[in-house]
Amino acid sequence: MKKPTSWQRRKAAKLGLAPAEVQKRCKKKKSLAGPAQALRDACKRAKDASAASRERHRLGQPPQPEDAALAEEYSQAKAALRRALEAEAREKAAAAQKTAAGTIPAEPASTAKGAAAEPASVTPASTGKGGGGTEAAAEAPPPPSKKELRRREAVERAVAERAGEGGGDEREPWTCETCGVTILVRPDGRARQQHLQGKAHVKRLRAAPATAASAGAPSAASAPATAAAPAAAPAAAPAAVPAAVPAGVPAGGGTGYYECKLCSCTLASSAGALHEKGARHRERVQRLAAFLRERSAADAERPLKPGDWICTAASHAPQLVYANRDSCCRAGCGRARAQGLSQSEAATMVARGREGGA
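3 is the number that UniProt numbering gives to position 3 of the sequence shown; each next residue is one higher, with no gaps.
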């Protein structure tokens, strides 16, 4: 027998055991690994060999001639490992059943509680002829574990809730026409509100502004045509309250979205105030304020005209673009007039930045 290694000696000192005992346990653990460990190693080697093939498939690159063979080898290794693990689990369950069936008759001198529970397990095994009871006990399924019981309870609760039987669940399906998804919404509308403030919904609203009004509210999609006149009133609201809303940012409340033309970003409306406190936004507001001060000093030489707009791209300092141009005149910018700020919008944004800094 080989001498214990230094690692085994340290382990023995830590556990308070003899080094030979730790060595024996390590050997027993290796022997228990058996063929399953060999199959697991083979599966890992096949997976490592096919890693490059999977990466090419993920990147959409053309396959190589050996990719199919590597994939087939990896699939076969996984199937063999799965079969070995299933067989090992079946063997362990059968051994546990046989052990339980063999120890039940040898417990006549147990406690009163065990004696009371004994007839329930011994009676089925003793019925039958020619030892049939022992075979029946060996073939009986093992009792479910605690983990399996918890899983069954969770599934039953989920099914009961989905069917409306688990404590008065009043969820109703709601469909967002902008995203094309259907979710279950409780009477408080919390799930619907979370969806309307999500990044994916806001991104689709920005891509399809024509349908933003119908998808922003839960009942706007099914509202009758007679409500068109009242709905036209909020469209002019941003112009009436320019001081309460950031320049160029629609006032969506809890169901709209926040668009900052200065930083070229769109967020959920609830994140607008937090964005305005950010360091990058404040820095760009300061650059815009400095530009407006310079423009006010140069107004006498080159007065502003109606329709002039300010390009606020992050790649260069703010600069004036004349009304006869629909895109920025700086080379390589390419920002359109709709992405820029008018003089009043820029002044409002600078004023809001000063209020937030104070």
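Don't be surprised by glycine CBs; every beta carbon is placed ideally from N, CA and C. Remember, predicted model here, so these are calculated numbers, not experimental data.
Outcome for residue i when other beta-carbon atoms lying within 10 angstroms are tallied against a minimum of 16
| i | result |
| --- | --- |
| residue 321 | buried |
| residue 265 | exposed |
| residue 284 | buried |
| residue 68 | exposed |
| residue 329 | exposed |
| residue 373 | Lying before the first or after the last residue shown, residue 373 is absent from the chain, which here runs from 1 to 358. |
| residue 361 | Residue 361 is absent from the structure shown; the chain starts at 1 and stops at 358. |
| residue 197 | buried |
| residue 352 | buried |
| residue 94 | exposed |
| residue 366 | Outside the shown range of the chain (1 to 358) lies residue 366, about which nothing can therefore be said. |
| residue 4 | buried |
| residue 318 | buried |
| residue 372 | In the structure displayed, the chain extends from 1 to 358; residue 372 sits before or after that span and is not available. |
| residue 228 | For residue 228, the pLDDT reaches just 39, beneath the cut-off of 50, and the residue's location in the model is therefore unreliable, leaving the point undetermined. |
| residue 101 | buried |
| residue 99 | exposed |
| residue 2 | exposed |
Proximity of residue i and residue j at Cβ, strictly below 8 Å
| i | j | result |
| --- | --- | --- |
| residue 63 | residue 54 | no |
| residue 313 | residue 326 | no |
| residue 46 | residue 73 | yes |
| residue 344 | residue 333 | no |
| residue 275 | residue 262 | no |
| residue 91 | residue 36 | no |
| residue 277 | residue 356 | yes |
Nearest-angstrom beta carbon gap, residue j and residue i [assumed within contact, 8 Å]
| i | j | result |
| --- | --- | --- |
| residue 77 | residue 42 | 5 Å |
| residue 205 | residue 175 | Not really, about 16 Å apart at Cβ, beyond 8 Å. |
| residue 15 | residue 40 | Between residue 40 and residue 15 the Cβ distance is about 27 Å, and since that is not below 8 Å, they are no contact. |
Close-in-space but distant-in-sequence residues of the same chain around residue i (CB under 8 Å, 5 per side omitted)
| i | result |
| --- | --- |
| residue 173 | 182, 183, 184, 185 |
| residue 323 | 305, 306, 307, 308, 309 |
| residue 8 | 19, 22, 23, 26 |
| residue 202 | 257, 266, 267, 268 |
| residue 350 | 285, 288, 289, 292 |
| residue 200 | 179 |
| residue 152 | 144 |
Close Cβ partners of residue i (< 6 Å) along its chain, the five nearest in sequence each way excluded
| i | result |
| --- | --- |
| residue 272 | 258 |
| residue 340 | 309, 310, 311 |
| residue 338 | none |
| residue 194 | none |
| residue 150 | none |
| residue 191 | 183, 185 |
Residue i beta carbon near the ligand ADP (any heavy atom closer than 7 Å)
| i | result |
| --- | --- |
| residue 57 | Questions concerning the ligand ADP fall outside what the structure shown contains, since it holds no ligand whatsoever. |
Neighbour flag for residue i against chain B, beta carbons, 8 Å
| i | result |
| --- | --- |
| residue 318 | The structure shown contains no chain B; it is built from a single protein chain. |
Beta-carbon contacts of residue i that lie in its chain and below 7 Å, excluding the five residues immediately before and after
| i | result |
| --- | --- |
| residue 70 | 49, 50, 53 |
| residue 11 | 22 |
| residue 208 | 178 |
| residue 147 | none |
key: Runs of beta strand (DSSP E) wholly within the stretch 268-352 (minimum 3 residues, chain order)   = 309-311, 319-321
Runs of alpha helix (DSSP H) wholly within the stretch 45-107 (minimum 4 residues, chain order) = Runs of the alpha helix (DSSP H) spanning 4 or more residues and lying entirely within the stretch 45-107 occur at 51-59, 67-103, in chain order.
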